[in-house]
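Visitor: In the working numbering, the protein residues as written are 41 to 355. Backbone N, C-alpha and C define an ideal beta-carbon position, used for all residues, glycine too. Computed from a prediction, not measured in an experiment: that's the story for all the values here.
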Ligand SMILES: NC(=O)c1ccc[n+]([C@@H]2O[C@H](COP(=O)([O-])OP(=O)(O)OC[C@H]3O[C@@H](n4cnc5c(N)ncnc54)[C@H](O)[C@@H]3O)[C@@H](O)[C@H]2O)c1
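1. Grouping DSSP H, G and I as helix and E and B as strand, with all else coil, what is residue 202?
2. Which residues does DSSP pair with residue 378 in a beta bridge?
3. Is there contact between the stretch 61–77 and the stretch 44–51, where contact requires at least three CB pairs shorter than 8 Å?
4. Is the beta carbon of residue 252 closer than 8 Å to that of residue 267?
5. Kindly list the residues whose CB is nearer than 6 Å to the CB of residue 99, restricted to its own chain and excluding five residues on each side of it in sequence; keep chain order.
6. Only counting the same chain, and skipping five residues up and downstream in sequence, which positions put a Cβ closer than 6 Å to that of residue 269?
7. Just checking residue 203 against ligand 1 - is the residue's beta carbon closer than 7 Å to any of the ligand's heavy atoms?
8. For residue 362 and residue 183, I'd like the C-alpha separation in whole angstroms.
9. Bridge partners for residue 229 per DSSP, in chain order?
10. Using only the heavy atoms of ligand 1, determine whether one of them is closer than 7 Å to the beta carbon of residue 67.
11. Compute the minimum distance between the beta carbon of residue 145 and the heavy atoms of ligand 1, and state whether it is under 7 Å.
12. Which value, in whole angstroms, describes the spacing of the CA atoms of residue 179 and residue 208?
13. Could you please give the first and the last residue of the uninterrupted beta strand (DSSP E) stretch that includes residue 332?
14. For ligand 1, any of its heavy atoms closer than 7 Å to the Cβ of residue 72?
15. Return the residue from the list 165, 162, 191 that minimises the CA-CA distance to residue 172.
16. For residue 161, which residues from the same chain have a beta carbon less than 7 Å from its beta carbon, with the 5 sequence-adjacent residues on both sides left out?
17. So for residue 150, helix, strand or coil by DSSP?
18. Is residue 209 helix, strand or coil by DSSP?
19. What is the DSSP secondary structure of residue 297, reduced to helix, strand or coil?
20. Pick helix, strand or coil for residue 270, following the three-state DSSP scheme.
21. Provide the residue span of the beta strand (DSSP E) that contains residue 46, from first to last.
22. Tell me where the alpha helix (DSSP H) around residue 287 begins and ends.
23. My understanding is that residue 275 touches residue 328, with C-beta atoms under 8 Å, so please give their C-beta distance in whole angstroms.
24. Cα-Cα, which of 215, 181, 201, 185 is closest to residue 194?
25. Any chance the CB of residue 235 is under 7 Å from a heavy atom of ligand 1?
26. For the putative contact between residue 175 and residue 203, defined by C-beta atoms under 8 Å, what is the C-beta separation to the nearest angstrom?
27. Can you tell me where the beta strand (DSSP E) with residue 277 in it begins and where it stops?
28. Does the separation of the CB atoms of residue 221 and residue 197 fall below 8 Å?
29. Quick one: residues in its chain with C-beta nearer than 8 Å to the C-beta of residue 229, no 5 flanking neighbours on either side, listed in chain order?
30. I need the boundaries of the beta strand (DSSP E) containing residue 221, first residue and last residue.
31. Straight-line CA distance for residue 170 to residue 247?
32. Please report the straight-line C-alpha distance between residue 295 and residue 347, rounded to a whole angstrom.
What follows is the structure, encoded as structure tokens:
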């Protein structure tokens with residue numbers, strides 16, 4: 041019988057700070073680019089008409105991970121979260137399960153963290169101000185991670201004014217309109233991706249855009265013309281071209297593989313980053329299992345070091 045440590049939502053967030061998540065995700069992107077961390081494509085299991093399940097495996101640094109997570113867009117109207125699930129972390133040398141973790145908190149931390157990593161790599165060196173478009177769960181963690189990386193102040197925009205105001209109050213930023221959020225030097229979009237929130241006239245010289253909401257087929261937060269007007273980067277080309285912000289522009293023949301840099305290659309210095317201060321850079325995040333591995337590995341290390349207490353289950 042195996043005894044497995046279990047970290048619930050709050051324990052994951054106690055175990056891994058935003059600053060550590062940023063450092064670990066950056067390292068995970070580099071290791072994946074170097075081929076040391078591996079990640080088969082994620083598997084989608086539709087559950088019509090409610091949403092879909094995703095199975096996301098990754099292996100690296102002696103650990104193997106499977107995240108089993110949902111996107112059920114109608115859930116908030118029933119008082120339930122859009123995204124929910126479980127992460128299983130195993131020993132990659134013996135196959136034994138080591139830890140179960142709440143997938144919502146792992147996902148929120150790694151999603152916010154990659155926005156900060158992309159911003160550090162791709163935004164103008166003097167960029168500080170932040171616009172957040174979409175202040176739900178992942179918008180809030182994007183804002184927290186950007187703040188932890190030294191960005192801000194920011195403008196938080198959401199049709200749910202209370203969500204924008206609560207996030208702004210937490211960070212000492214302010215709530216505002218979409219246009220005010222778009223006036224920032226770093227703009228992050230984390231809406232459900234049902235309709236574009238960025239059009240071509242919003243693409244202003246020097247801007248850096250993090251597009252995080254479109255993480256599956258059929259979703260987009262920018263028009264294809266707006267995407268095509270930017271210098272483009274993504275977390276992983278296969279995912280981004282088939283189920284990300286780039287997909288529509290790729291399908292329309294406006295964007296090809298050669299135009300898009302992967303963030304890991306940019307971090308490794310093997311692909312060009314921002315071409316100059318006037319360029320508009322766009323990072324398409326679809327969400328990678330190696331990001332989950334980076335955060336879950338940090339949580340395991342925190343538990344082993346006694347910095348966080350876990351529950352346990354005996355199988
Ligand atoms: N890229 C990734 O790695 C990644 C990870 C997790 C989730 N996601 C995706 O991010 C999106 C948001 O997820 P969430 O869990 O934060 O959802 P959520 O429901 O908690 O938040 C979405 C927010 O967007 C707001 N919104 C809706 N339309 C808007 C508009 N036109 N302008 C501004 N705000 C608007 C909503 O009011 C809500 O507050 C989903 O599509 C989800 O699948 C991506």
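Guide: Let's see:
1. helix
2. In this structure the chain extends from 41 to 355, so residue 378 is not present and cannot be described.
3. no
4. no
5. 78, 132
6. 240, 243
7. yes
8. Summary: the structure shown does not reach residue 362, with the chain confined to residues 41 through 355, and so no result is reported for it.
9. 173, 251
10. no
11. no
12. 11 Å
13. Not the beta strand (DSSP E): residue 332 falls in the alpha helix (DSSP H), residues 329–344.
14. no
15. 191
16. 303, 306, 307, 313
17. helix
18. helix
19. helix
20. coil
21. 43–47
22. 287–291
23. 5 Å
24. 215
25. yes
26. 4 Å
27. First-last for residue 277: 277–283, but that is the alpha helix (DSSP H), not the beta strand (DSSP E).
28. yes
29. 173, 174, 237, 238, 249, 250, 251, 252, 253, 261, 262
30. Counting along the chain, residue 221 falls outside any beta strand (DSSP E), though it belongs to the alpha helix (DSSP H) covering 218–222.
31. 10 Å
32. 46 Å
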